[in-house]
Amino acid sequence: MPTLLDAIIQASKSNKKLLAVLIDPEKFSAEKYVDFIENLPKAVTHIFIGGSTVTAEESEVCVDFVKAKTNLPVILFPGDKEQITEKADGILLLSLLSGRNPEYLIEQHIKAVPKLLNADLEIIPTGYLLLDGGNQSAVARVSKTQPIDQSEIQLIKNTALAGQMMGKQLIYLEAGSGAMIPVSEQIIAEVKKDLNIPLIVGGGIRNTNQLEKAYKAGADLIVIGTAFENGEFET
Numbered sequence: 004m005p006t007l008l009d010a011i012i013q014a015s016k017s018n019k020k021l022l023a024v025l026i027d028p029e030k031f032s033a034e035k036y037v038d039f040i041e042n043l044p045k046a047v048t049h050i051f052i053g054g055s056t057v058t059a060e061e062s063e064v065c066v067d068f069v070k071a072k073t074n075l076p077v078i079l080f081p082g083d084k085e086q087i088t089e090k091a092d093g094i095l096l097l098s099l100l101s102g103r104n105p106e107y108l109i110e111q112h113i114k115a116v117p118k119l120l121n122a123d124l125e126i127i128p129t130g131y132l133l134l135d136g137g138n139q140s141a142v143a144r145v146s147k148t149q150p151i152d153q154s155e156i157q158l159i160k161n162t163a164l165a166g167q168m169m170g171k172q173l174i175y176l177e178a179g180s181g182a183m184i185p186v187s188e189q190i191i192a193e194v195k196k197d198l199n200i201p202l203i204v205g206g207g208i209r210n211t212n213q214l215e216k217a218y219k220a221g222a223d224l225i226v227i228g229t230a231f232e233n234g235e236f237e238t
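Counting with the numbering used here, you get residues 4 to 238 for the letters of the sequence shown.
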């Protein structure tokens with residue numbers, strides 16, 4: 004049976020576009036999400052679960068609920084080791100390559116080893132780049148790092164490629180939850196040009212037009228959270 008990563012790689016090679024819904028367990032309640040989960044758009048291929056300030060209990064409750072309501076792959080998108088639960092299908096092991104805080108480059112990973120060592124989770128090493136989305140994101144606040152300005156296209160591209168050269172298996176360009184400005188098409192295209200691993204893009208995508216432009220520029224998997232959660236996504 005192919006792994007989660009194999010499926011993403013194969014989709015990338017065949018130009019099949021993927022779509023993940025991101026659920027923040029801190030905002031989760033069964034009453035709020037039951038209709039949402041049961042009526043997800045048909046285009047959704049993955050569920051990401053995570054946030055910047057989530058407890059282990061919140062994460063586990065959310066995963067349990069989502070797994071009971073859908074057969075879609077459920078992948079952890081953790082802000083720290085406390086959010087890890089074996090009940091998910093996989094985890095994006097994120098290294099915040101855009102910042103220089105060792106806590107999110109390697110320290111959280113070391114602390115997570117006891118939880119991950121014997122866990123039945125597919126672990127996917129992911130290079131994570133936070134870009135300026137026009138507002139202060141929770142990621143920037145919690146990680147105490149500055150996003151890369153979207154005008155710094157060469158720096159963004161070099162950082163992504165450095166992640167690939169270091170062995171990351173996915174690259175994730177993130178404008179931040181509720182971003183006012185999504186990752187630009189030019190950045191996506193420039194990063195994708197020399198990238199040999201799948202590219203994830205998230206933050207600030209609020210309508211079908213932005214979604215299609217990001218796909219056309221080269222995004223393999225797009226993550227939408229706030230717009231879906233608040234019922235604001237425009238088709």
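For each residue, glycine too, the CB sits at the ideal point set by N, CA and C.
Just so it is clear, the structure is predicted and the values come from calculations on it, not from any experiment.
Query	Result
Quick check on this structure: which residue in Ala-163, Gly-179, Lys-45 and Leu-7 has the alpha carbon closest to the alpha carbon of Pro-150?	Gly-179
Which ranges would you report for the alpha helix (DSSP H) in the stretch 182-211 if only whole runs of at least 4 residues count?	188-196
Would you mind sorting Lys-45 into buried or exposed? The rule is 16 or more other CB atoms within 10 Å of its CB.	exposed
Could you tell me the boundaries of the alpha helix (DSSP H) in which Lys-229 lies?	Strictly speaking, residue 229 in this sequence is Thr, with Lys absent from that position. Residues 229-232.
Provide the residue(s) that pair with Leu-173 in DSSP beta bridges, ordered along the chain.	Thr-129
For Val-194, which residues from the same chain have a beta carbon less than 6 Å from its beta carbon, with the 5 sequence-adjacent residues on both sides left out?	Lys-160 and Ala-163
Can you name the start and end residues of the beta strand (DSSP E) that Ile-87 belongs to?	From DSSP, Ile-87 is part of no beta strand (DSSP E); its letter is neither H nor E.
Is there contact between the stretch 17-25 and the stretch 211-230, where contact requires at least three CB pairs shorter than 8 Å?	yes
Relative to the C-alpha of Asn-74, which candidate in Tyr-218, Gln-167 and Glu-41 has its C-alpha closest?	Glu-41
Can you list, in chain order, the residues of its chain whose CB lies under 8 Å from that of Cys-65, leaving out five sequence neighbours each side?	Ile-26, Pro-28, Phe-31 and Ile-52
Would you identify the three-state DSSP class for Leu-164, choosing helix, strand or coil?	helix
State the DSSP-derived secondary structure class of Glu-237, mapped to helix, strand or coil.	strand
Taking the beta strand (DSSP E) that Phe-51 falls in, what are its first and last residues?	49-52
Taking only three categories from DSSP, how would you classify Ala-23?	strand
At a cut of 8 Å, does the stretch 110-124 reach the stretch 180-194 through at least three beta carbon pairs?	no
If you draw a straight line from the alpha carbon of Lys-171 to that of Ala-71, how long is it in whole angstroms?	31 Å
What separation, rounded to the nearest whole angstrom, lies between the Cα atoms of Asp-135 and Met-168?	24 Å
Please confirm whether Val-116 and Asp-92 have their CB atoms less than 8 Å apart.	no
Can you give, in chain order, each stretch of the alpha helix (DSSP H) that sits fully within the stretch 27-78 and has at least 4 residues?	33-41 and 59-72
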